[in-house]
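First comes the structure, then the notes that go with it.
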Amino acid sequence: MKPPPFSYHDPATLSQAVELLATLDNAKPLAGGQSLMPMLNMRFVLPDHVVDLNGIAELSGVRITESRVEIGAMTRQREVEFSAEIAQACPILIEALHHVGHRQTRNRGTIGGSICHLDPAAELPTLACALDAVIDVIGPNGARQIAFADFPVGYMTPSIELNEIVTRVSFPLWPREAGHSFQEFARRHGDFAIVSAAAMLLVDPAGRISRATLALGGVAATPLRMHEVEAALIGQMATPETFRAAAELCRKVEAVGDVYVSASYRQHLAVVMSKRALAQSFSRCGAMQKH
Amino acid sequence: MDSAVDTRTISLTVNGKAYSKAVSVRMTLADFLRHELRLTGTHVGCEHGVCGACTILFDGMSARSCLMLAVQANGHELTTVEGLANGDEMHPLQQALSEHHGLQCGFCTPGMLTTLVELLRDNPSPSADDVRIAISGNLCRCTGYEGIISATLDAAEKMRAGGVK
Ligand code: FES
Ligand code: FES
Numbered sequence: 023m024k025p026p027p028f029s030y031h032d033p034a035t036l037s038q039a040v041e042l043l044a045t046l047d048n049a050k051p052l053a054g055g056q057s058l059m060p061m062l063n064m065r066f067v068l069p070d071h072v073v074d075l076n077g078i079a080e081l082s083g084v085r086i087t088e089s090r091v092e093i094g095a096m097t098r099q100r101e102v103e104f105s106a107e108i109a110q111a112c113p114i115l116i117e118a119l120h121h122v123g124h125r126q127t128r129n130r131g132t133i134g135g136s137i138c139h140l141d142p143a144a145e146l147p148t149l150a151c152a153l154d155a156v157i158d159v160i161g162p163n164g165a166r167q168i169a170f171a172d173f174p175v176g177y178m179t180p181s182i183e184l185n186e187i188v189t190r191v192s193f194p195l196w197p198r199e200a201g202h203s204f205q206e207f208a209r210r211h212g213d214f215a216i217v218s219a220a221a222m223l224l225v226d227p228a229g230r231i232s233r234a235t236l237a238l239g240g241v242a243a244t245p246l247r248m249h250e251v252e253a254a255l256i257g258q259m260a261t262p263e264t265f266r267a268a269a270e271l272c273r274k275v276e277a278v279g280d281v282y283v284s285a286s287y288r289q290h291l292a293v294v295m296s297k298r299a300l301a302q303s304f305s306r307c308g309a310m311q312k313h
Numbered sequence: 430m431d432s433a434v435d436t437r438t439i440s441l442t443v444n445g446k447a448y449s450k451a452v453s454v455r456m457t458l459a460d461f462l463r464h465e466l467r468l469t470g471t472h473v474g475c476e477h478g479v480c481g482a483c484t485i486l487f488d489g490m491s492a493r494s495c496l497m498l499a500v501q502a503n504g505h506e507l508t509t510v511e512g513l514a515n516g517d518e519m520h521p522l523q524q525a526l527s528e529h530h531g532l533q534c535g536f537c538t539p540g541m542l543t544t545l546v547e548l549l550r551d552n553p554s555p556s557a558d559d560v561r562i563a564i565s566g567n568l569c570r571c572t573g574y575e576g577i578i579s580a581t582l583d584a585a586e587k588m589r590a591g592g593v594k
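Each protein sequence line maps, in turn, to chains A and B. The opening residue of the first sequence carries number 23 in this note's numbering; numbering runs sequentially from there. The opening residue of the second sequence carries number 430 in this note's numbering; numbering runs sequentially from there.
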């Protein structure tokens, strides 16, 4: 349970980091360490080089524009959790973060690290899926942006090259009157989700749903965007019956089973979590965003 | 910036005392504290971030020292359980834990203490639920947690009354 031998590099700038990853063989970037360090300790990964990104100031920070909240990849989860501006602009991000690990892990863990690690039960990728987040990466061939829909290519595998670094994650903002909810079922507080649901709703003055998003975490190998549910909601009156019927569509999702939780139980939870997320989102529609 | 070597000399402050030492770059911070500085109060239970026994305060913020490399502490300020008491006088939280049966074997205690010291600093009047959530990342095999929670609430009250920070 000790990390394997490696060479350690701690670049002070992003361009140094890019150069190191472009030239070193079998190198791993180290962000907050809350996933990579256990994997090193258990020797699931055996890098020849560790490139520590913690000294790169330009990778941290939060910026809120008219249309989105942009978070530097190395921004600590804690910093986002306690940001009054984000609580105003994007309260679902704070709600999701309260389910991410524990205070001790959020103090170190980063936004970009969690997105890259892409654990299917992790909250931030699920939220990124619901909100159509955009991921900025940089590598030896320059910078590019990846829409979250194109980001996961498989179980814990993002569509970034081994020599690329995530620099920023941007979450598009919804209008102030939108309602939001992040629901999660886990064995204990702070555990990875067995199933989580992230939802946002916009309702017109007549009470009809004009815009909806729903994503599920923990159900499959990657976060799932429930387009079918969204389509079933649009144009409908926002009533408990509408939410119940739309959430019921989640029972058909292709779910994974494991030794603790069967696939059919995950499907059942997908329905329940979705229904709760939609109902709570509606209850917060139009209300002053508070958290 | 960097040099691809297997050892580095790091300088850091632990419990107010400055240290400078050469370390292997792959040594965890937990092992560094225990083996190099002989501060064995920080316990190592799982070495993969699950049990919380290795929690320390890193620049005042709780962190799992098994999930950090010693080299990452270069230039930083750490507090371990050894740094909580004031000479022979226990921290109010330590005192309360002993009075409320908040520990039995003591294995989880260093991590509980560092985590809860941070909580009481950030939230001097926590509810029982706040305490439960704060220690949700710390496993205790002995106490059933209730003594730890009542001790924390008691210590919080005493600290508020006494103006202790
Ligand atoms: S030893 Fe670090 S969390 Fe268990
Ligand atoms: S007192 Fe024994 S593990 Fe907590």
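Every residue, glycine too, gets a C-beta built ideally from N, C-alpha and C.
Taking 6 Å as the limit between beta carbons, can you name the residues of its chain near residue i, skipping five residues before and five after?
i, result
"A:Leu-62", "Pro-25"
"A:Glu-199", "Gly-308"
"A:Asp-93", "For clarity, residue 93 of chain A is Ile in the given sequence; the question names Asp instead. Result list for A:Ile-93: Val-84, Ile-133, Val-191, in chain order."
"A:Met-59", "none"
"A:Tyr-177", "Ala-243"
"B:Thr-436", "Ala-451, Ser-453"
"B:Thr-581", "Leu-545, Val-560"
"A:Ser-57", "His-139"
Excluding the five sequence neighbours on either side, which residues of its own chain have a C-beta within less than 8 Å of the C-beta of residue i, listed in chain order?
i, result
"B:Ala-574", "Checking the displayed sequence, the identity of residue 574 of chain B turns out to be Tyr instead of Ala. Excluding sequence neighbours, B:Tyr-574 sits near Arg-561, Ile-564."
"A:Ile-256", "Ile-231, Ser-232, Arg-233, Ala-234"
"B:Ser-491", "Thr-484, Ile-485, Thr-543, Thr-544, Glu-547"
"A:His-124", "Gly-212"
"B:Ser-554", "Ala-585, Arg-589"
Any C-beta of chain E sitting closer than 9 Å to the C-beta of residue i?
i, result
"B:Ser-527", "Absent here is chain E; the protein component of the structure consists of chains A and B."
Can the beta-carbon of residue i be found closer than 9 Å to that of residue j?
i, j, result
"B:Met-541", "B:Leu-532", "yes"
"A:Ala-242", "A:Ala-277", "yes"
"A:Leu-75", "A:Pro-51", "yes"
"A:Ala-221", "A:Leu-115", "no"
"A:Ala-239", "A:Pro-142", "It is Gly, not Ala, that sits at residue 239 of chain A in the sequence shown. Cβ atoms of A:Gly-239 and A:Pro-142: closer than 9 Å."
"A:Pro-245", "A:Cys-112", "no"
"A:Val-175", "A:Gln-167", "no"
"B:Ala-502", "B:Leu-441", "yes"
"B:Leu-526", "B:Gly-576", "yes"
"B:His-477", "A:Met-23", "yes"
Assuming residue i and residue j are in contact, meaning their beta carbons sit under 8 Å apart, how far apart are those beta carbons, in whole angstroms?
i, j, result
"B:Arg-463", "B:Val-454", "That belief does not hold up - the Cβ atoms of B:Arg-463 and B:Val-454 are roughly 18 Å apart, past 8 Å."
"A:Val-159", "A:Ile-137", "Not quite, the Cβ-Cβ distance comes to about 11 Å (not below 8 Å), so this is no contact."
"B:Leu-522", "B:Ala-584", "4 Å"
"A:Ile-133", "A:Val-102", "6 Å"
"A:Val-225", "A:Ala-260", "5 Å"
"A:Ala-95", "A:Thr-179", "Not quite, the Cβ-Cβ distance comes to about 18 Å (not below 8 Å), so this is no contact."
Indicate the three-state DSSP secondary structure (helix, strand or coil) for residue i in the structure shown.
i, result
"A:Asp-213", "coil"
"B:Asp-435", "coil"
"B:Gly-445", "coil"
"A:Ser-125", "Position check: residue 125 of chain A holds Arg in this sequence, whereas Ser was assumed. Residue state, collapsed to three classes: helix."
"A:Tyr-30", "strand"
"A:Lys-297", "helix"
"B:Met-541", "helix"
"B:Ile-564", "coil"
"B:His-505", "coil"
"A:Glu-92", "strand"
"A:Ile-133", "helix"
"A:Pro-113", "helix"
"B:Ile-577", "helix"
"A:Gly-201", "strand"
"A:Gly-164", "strand"
"A:Glu-183", "coil"
Skipping 5 residues on each side, what residues in its chain have a beta carbon closer than 7 Å to that of residue i?
i, result
"A:Phe-28", "Pro-69, Asp-70, His-71, Val-72"
"A:Leu-291", "Phe-207, Ile-216, Val-217"
"A:Thr-97", "Ser-82, Gly-83, Val-84, Thr-132, Ile-133"
"B:Val-510", "Gly-470, Thr-471, Pro-539, Leu-542, Thr-543"
"B:Met-497", "Thr-457, Leu-458"
"B:Ser-432", "The predicted position of B:Ser-432 is uncertain, since its pLDDT is 45 and thus under 50; a value taken from the coordinates is nonetheless stated next. If we look at B:Ser-432 and ignore the five residues flanking it on each side, it has no Cβ neighbours."
"B:Phe-461", "Val-452, Ala-499"
"A:Thr-264", "Leu-255, Gln-258"
"A:Glu-186", "Val-159, Ile-160, Gly-161"
"A:Ala-118", "Glu-145, Leu-146, Leu-149, Phe-204, Ala-220"
- In chain order, which beta strand (DSSP E) runs of at least 3 residues are fully inside the segment 225 to 282 of chain A? DSSP runs (the beta strand (DSSP E)) wholly in the segment 225 to 282 of chain A: 231 to 239.
Practice problem: Write down every uninterrupted run of the beta strand (DSSP E) in the segment 43 to 89 of chain A whose length is 3 residues or greater and which is fully enclosed by it, in chain order. | Solution: Fully enclosed beta strand (DSSP E) runs of 3 or longer: 49 to 52, 71 to 74, 84 to 86.
- prompt: If you scan the segment 465 to 512 of chain B from start to end, which runs of the beta strand (DSSP E) of 3 or more residues do you find wholly inside it?
  reply: You should have 484 to 487, 490 to 493, 506 to 508.
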